[in-house]
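Protein sequences, first through last, are from chains A and B.
According to the numbering used here, the first sequence is numbered sequentially starting from 103.
According to the numbering used here, the second sequence is numbered sequentially starting from 103.
Built from N, CA and C at the ideal position, the CB exists for glycine as well.
Notes follow once the structure below has been shown.
2 protein chains.
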Amino acid sequence: MSVPHLTTALTGPLHDLERKILGSLPEIEHWFRNQWQEHTPPFYGSVDLRNAGFKLAQVDMNLFPGGFNNLNPDFHPLCVQAAMMALEGFCPDARRLLLIPENHTRNLFYLQNVAAIVRILRQSGIMVRIGSLNPDITAPTRLDLPDGGCLLLEPVQRQGRRIRLADFDPCVVLLNNDLSAGIPSILRDVDQMLLPPLQAGWAVRRKTRHFAAFDQVAHDFGDLIGIDPWVINPYFSGVSGLDFQTREGEQCLADAVSDILNKTRLKYAEHGIDEQPFAIVKADAGTYGMGVMSVKSPDEVIGLNRKQRNKMAVVKEGLEVSEVIVQEGVPTFEQINAAVAEPVIYMIDRFVVGGFYRVHTGRGPDENLNAPGMHFVPLAFATPSNTPDCDGRPDCQANRFYAYGVVARLALLAAALELEESEDLVQPLAEAVA
Amino acid sequence: MSVPHLTTALTGPLHDLERKILGSLPEIEHWFRNQWQEHTPPFYGSVDLRNAGFKLAQVDMNLFPGGFNNLNPDFHPLCVQAAMMALEGFCPDARRLLLIPENHTRNLFYLQNVAAIVRILRQSGIMVRIGSLNPDITAPTRLDLPDGGCLLLEPVQRQGRRIRLADFDPCVVLLNNDLSAGIPSILRDVDQMLLPPLQAGWAVRRKTRHFAAFDQVAHDFGDLIGIDPWVINPYFSGVSGLDFQTREGEQCLADAVSDILNKTRLKYAEHGIDEQPFAIVKADAGTYGMGVMSVKSPDEVIGLNRKQRNKMAVVKEGLEVSEVIVQEGVPTFEQINAAVAEPVIYMIDRFVVGGFYRVHTGRGPDENLNAPGMHFVPLAFATPSNTPDCDGRPDCQANRFYAYGVVARLALLAAALELEESEDLVQPLAEAVA
Numbered sequence: 103m104s105v106p107h108l109t110t111a112l113t114g115p116l117h118d119l120e121r122k123i124l125g126s127l128p129e130i131e132h133w134f135r136n137q138w139q140e141h142t143p144p145f146y147g148s149v150d151l152r153n154a155g156f157k158l159a160q161v162d163m164n165l166f167p168g169g170f171n172n173l174n175p176d177f178h179p180l181c182v183q184a185a186m187m188a189l190e191g192f193c194p195d196a197r198r199l200l201l202i203p204e205n206h207t208r209n210l211f212y213l214q215n216v217a218a219i220v221r222i223l224r225q226s227g228i229m230v231r232i233g234s235l236n237p238d239i240t241a242p243t244r245l246d247l248p249d250g251g252c253l254l255l256e257p258v259q260r261q262g263r264r265i266r267l268a269d270f271d272p273c274v275v276l277l278n279n280d281l282s283a284g285i286p287s288i289l290r291d292v293d294q295m296l297l298p299p300l301q302a303g304w305a306v307r308r309k310t311r312h313f314a315a316f317d318q319v320a321h322d323f324g325d326l327i328g329i330d331p332w333v334i335n336p337y338f339s340g341v342s343g344l345d346f347q348t349r350e351g352e353q354c355l356a357d358a359v360s361d362i363l364n365k366t367r368l369k370y371a372e373h374g375i376d377e378q379p380f381a382i383v384k385a386d387a388g389t390y391g392m393g394v395m396s397v398k399s400p401d402e403v404i405g406l407n408r409k410q411r412n413k414m415a416v417v418k419e420g421l422e423v424s425e426v427i428v429q430e431g432v433p434t435f436e437q438i439n440a441a442v443a444e445p446v447i448y449m450i451d452r453f454v455v456g457g458f459y460r461v462h463t464g465r466g467p468d469e470n471l472n473a474p475g476m477h478f479v480p481l482a483f484a485t486p487s488n489t490p491d492c493d494g495r496p497d498c499q500a501n502r503f504y505a506y507g508v509v510a511r512l513a514l515l516a517a518a519l520e521l522e523e524s525e526d527l528v529q530p531l532a533e534a535v536a
Numbered sequence: 103m104s105v106p107h108l109t110t111a112l113t114g115p116l117h118d119l120e121r122k123i124l125g126s127l128p129e130i131e132h133w134f135r136n137q138w139q140e141h142t143p144p145f146y147g148s149v150d151l152r153n154a155g156f157k158l159a160q161v162d163m164n165l166f167p168g169g170f171n172n173l174n175p176d177f178h179p180l181c182v183q184a185a186m187m188a189l190e191g192f193c194p195d196a197r198r199l200l201l202i203p204e205n206h207t208r209n210l211f212y213l214q215n216v217a218a219i220v221r222i223l224r225q226s227g228i229m230v231r232i233g234s235l236n237p238d239i240t241a242p243t244r245l246d247l248p249d250g251g252c253l254l255l256e257p258v259q260r261q262g263r264r265i266r267l268a269d270f271d272p273c274v275v276l277l278n279n280d281l282s283a284g285i286p287s288i289l290r291d292v293d294q295m296l297l298p299p300l301q302a303g304w305a306v307r308r309k310t311r312h313f314a315a316f317d318q319v320a321h322d323f324g325d326l327i328g329i330d331p332w333v334i335n336p337y338f339s340g341v342s343g344l345d346f347q348t349r350e351g352e353q354c355l356a357d358a359v360s361d362i363l364n365k366t367r368l369k370y371a372e373h374g375i376d377e378q379p380f381a382i383v384k385a386d387a388g389t390y391g392m393g394v395m396s397v398k399s400p401d402e403v404i405g406l407n408r409k410q411r412n413k414m415a416v417v418k419e420g421l422e423v424s425e426v427i428v429q430e431g432v433p434t435f436e437q438i439n440a441a442v443a444e445p446v447i448y449m450i451d452r453f454v455v456g457g458f459y460r461v462h463t464g465r466g467p468d469e470n471l472n473a474p475g476m477h478f479v480p481l482a483f484a485t486p487s488n489t490p491d492c493d494g495r496p497d498c499q500a501n502r503f504y505a506y507g508v509v510a511r512l513a514l515l516a517a518a519l520e521l522e523e524s525e526d527l528v529q530p531l532a533e534a535v536a
């Protein structure tokens, strides 16, 4: 495989789609090699997949991945090797990198993710310091981690067109902060390279733009290996002008849900799938699994009760939601110990470097698993003894995972297109302030 | 680390050199990034190291590595990722690769190496077939392997300026045949890309040219991290015009040995090393550990007996030896189960992808271990639980291995320079035949 051999939660035979992807390995890798000659992958990313058996689709792509601490430690050398490639590609001459994380200072899970990213970067050969945008961090602040390690957060400063720490002038800045609250002026019009670029932040980014780019990628990929692109791509549409509190736009939303459910029903009939369609309504600029609902009928978005309205109206950083994406729901047929599971695949540069299962014991196969109560099960390397037998056998776990890595990389390619196309959406500081 | 975490045979504290290399990680990786902007690494290679504690030196660099079957299977995904990079760098548009192995058809160890290379290449996304130069292979020939797999060898054909199989026109040709017997005319003036290029074969290559390039690399690296380059670089000189059977040139050889021993003695005194110097005499175009002797005095190369003469006079493919390299011997202080061991590091593109120990229970620390009776112990990943503690502790195994990877990559860089400089040494077919 061109990706780490992982165990998957599914152990049954591969479905047609996975078999087809596996059988087209040389064509697929040749195609990716050519795509990466034309398009630059983001520095890193993670992709949420859902495997319904009849369909293996990406449902979300994160350009500021948390959760590196959840990867299997066996993948660490792969992460380092891929980060070396990313540094060489983006900034071969860089010596010093400033990592800007989220403002959380008490979320130990998140801080362990930051520590994992720092370790990967340091070992790939660059000096790393951590700069915080958190207004509470006014002096270097040491945060202890459960594993005995610690992080030193230091306040970010601006000097002319450069950002820096008091005694550290970075060559390049890596964001692990998704900028949900808007692009802070300290990050605008900066001379240093920002990775990923500012338009990757949720202040600018929209899920609908990502999935529009994915439509194109899935179409081309479908042509390449001869599949209906629908089997890797969920239907979606965007609804804007919503106000969940005043119920403005409610009927538009219901119509969009109805449309997605109808299209899905037709596809289910076409492919002989005996399932009830459902739709996912998500904030178009949302993350952290906030502002998400799963509906089986347009009626369910009409006359939301106060609790539902509150849930949908506000996402991370208290932002109000007026734009949503309505996405065809993809049931997940994967289970770990009888709990519903969905794979999350991690990439650095254009390489799959690991993944884990998001598992929720209290949710069903048609529900959002990115919710309180979820836990993570790192995907492990398949036992080495499986590997040599794999070449001809499509039903081994390593082969199943190859298909996951392919769909994740298609999402990465869509993100590359999306970032190219949305470059002009970041206003220079003068206009932004004016 | 920027290389796989491996266990090493040594478990004592790191020596000064290893500590210095580890402490300079960001500078070293920055330097390598810049070197690889200027110079293209060979497709693959393996490097023999000797760790004397006071010295950690490369003693041989192989551009047609065998032994991929001896790598720990845990490294397989790293190999695949690195091979993806190599394909993308050398031939992004290639779809079909022809692998040309050595002519051995009964050496099961070697055939398993070929199978391992095929698996890496296929999984990195290219169609692979095996073309044999062996005159006995006149039709497709299936060879069974001990693990239940098999290899299909097919006769290489020439068609105009292309080489091919009957029904396979490759875009690129990967040599795992070191061309000791000379460059066959079927490989000359070929339009396809040959990897590595023909001047990498022992028909053209000389160890003395490699170590001349390594002198430059070691010098620059010594400046970078502030070490005497001697601690990573053995003294050497070349002697030509030898005839072991008629004893022609014998005195020249003795003088060269004397010179290397004297220089080494001075360095030992300068560094306060209480060891007896020795020298290694090797065929300048030799491989497979053939034509090697270890001497402690110039007298030992005067008046060789018949057995010694026969051993030195002829190497692989029955070639006569008239040129040798006299190299400062580097004792190995590494042992596995009380047997003398030396690490062999494998690289694909510019990445360390694994390694193993060459172990010999019947040889001493100042002897060549590449000899009948040797066996191999794959280096394993360090247990993941060691990893998080490593950052600050220079005495953990993963940290020791980082130094090994650095020296191996210096040898790879020297090979890149050597191949650039020796490009003109391959004669076009017309001249070669004339």
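Burial check for Arg266 of chain A: the Cβ neighbour count within 10 Å reaches 16 or more, so the residue is buried. Distance from the Cα of Phe346 of chain A is smallest, within the candidate group A:Ala302, A:Glu525, A:Gln410, for A:Gln410. His132 of chain B belongs to the set of residues whose beta carbon lies under 8 Å from a beta carbon in chain A. Remark: fewer than three beta-carbon pairs, one from each stretch, lie closer than 8 Å, so the region 337-352 of chain A and the region 126-142 of chain A are not flagged as touching.
In the assembly as shown, Ile404 of chain B is an exposed residue. Its beta-carbon has fewer than 16 other beta-carbons within 10 Å. DSSP, reduced to helix, strand and coil, places Gly507 of chain B within a helical segment of the structure shown.
Pro433 of chain B has its alpha-carbon roughly 5 Å from the corresponding atom of Pro467 of chain B.
In the DSSP assignment, Cys252 of chain A falls within the beta strand (DSSP E) that extends over 252-257.
Where Phe211 of chain B is concerned, the enclosing alpha helix (DSSP H) starts and stops at 210-225. According to the DSSP assignment, His132 of chain A belongs to the alpha helix (DSSP H) that extends over 127-140. A distance below 7 Å between beta-carbons, with the five flanking residues on each side excluded, links Val508 of chain A to the following residues of its chain, in chain order: Ile123, Ile130. Interface annotation, Pro445 of chain A: not in contact with chain B, CB-CB separation never under 8 Å. For Phe192 of chain A, there are no neighbours in chain B by C-beta distance under 7 Å, as the nearest C-beta there is about 11 Å away. Apart from sequence neighbours up to five positions away, the residues of its chain that approach Glu525 of chain B with a beta-carbon distance below 8 Å are Pro299, Gln301, ordered along the chain.
Rounded to whole angstroms, the Cβ separation of Val220 of chain A and Leu201 of chain A is 6 Å, and the two are in contact under 8 Å. Beyond the five residues adjoining it in sequence on each side, Gln214 of chain B comes within less than 8 Å, by CB distance, of Asn171, Leu247, Pro248, Asp249 in the same chain, given in chain order. Residue-level contact by beta carbon fails for Met295 of chain B and chain A, as no gap is shorter than 8 Å. In chain A, no part has a C-beta under 9 Å from the C-beta of Arg231 of chain B; the shortest such distance is about 12 Å. Nearest neighbour of Leu363 of chain A by Cα position, chosen from A:Gly343, A:Phe380, A:Asp238, A:Arg264, turns out to be A:Phe380. Secondary structure note for Ala385 of chain A: it is in no alpha helix (DSSP H), and the uninterrupted beta strand (DSSP E) holding it is 381-385. Closest in C-alpha terms to Glu120 of chain A, from the list A:Val149, A:Ala159, A:Gly147, comes A:Ala159. Contact between the region 185-199 of chain B and the region 359-373 of chain B is absent: fewer than 3 CB-CB pairs across the two stretches fall below 8 Å.
Leu189 of chain B is a Cβ neighbour of Ile228 of chain B, given a cutoff of 8 Å. Within the DSSP secondary-structure output, Arg264 of chain B pairs in a beta bridge with B:Gln261. Counting along the chain, the unbroken beta strand (DSSP E) around Ser339 of chain A starts and ends at 338-341. Taking a Cβ-Cβ threshold of 8 Å, the residues of chain A close to Gln183 of chain B are Ser104, Leu180, Gln183, Ala184, Phe453, in chain order.
Beta-bridge analysis with DSSP links Leu235 of chain A to no other residue. Around the beta carbon of Leu368 of chain A, fewer than 16 other beta carbons sit within 10 angstroms, so the residue counts as exposed. The beta carbon of Val230 of chain A sits closer than 7 Å to those of Leu199, Leu201, Val220, Leu223, Arg224, all from its chain and outside the five residues before and after it, given in chain order. In the DSSP assignment, Ser360 of chain A falls within the unbroken alpha helix (DSSP H) covering 352-372. Within chain B, Arg135 have C-beta atoms less than 7 Å from the C-beta of Leu189 of chain A, given in sequence order. Rounded to the nearest angstrom, the Cβ distance from Phe134 of chain B to Arg511 of chain B is 6 Å, consistent with a contact under 8 Å. If you draw a straight line from the Cα of Leu519 of chain B to the Cα of Tyr146 of chain B, it is about 15 Å long. With fewer than 16 other Cβ atoms inside 10 Å of its own Cβ, Ala241 of chain A counts as exposed.
At least one CB atom of chain A sits nearer than 8 Å to the CB of Gly227 of chain B. In the structure shown, Met476 of chain B falls within a coil segment according to DSSP collapsed to helix, strand and coil.
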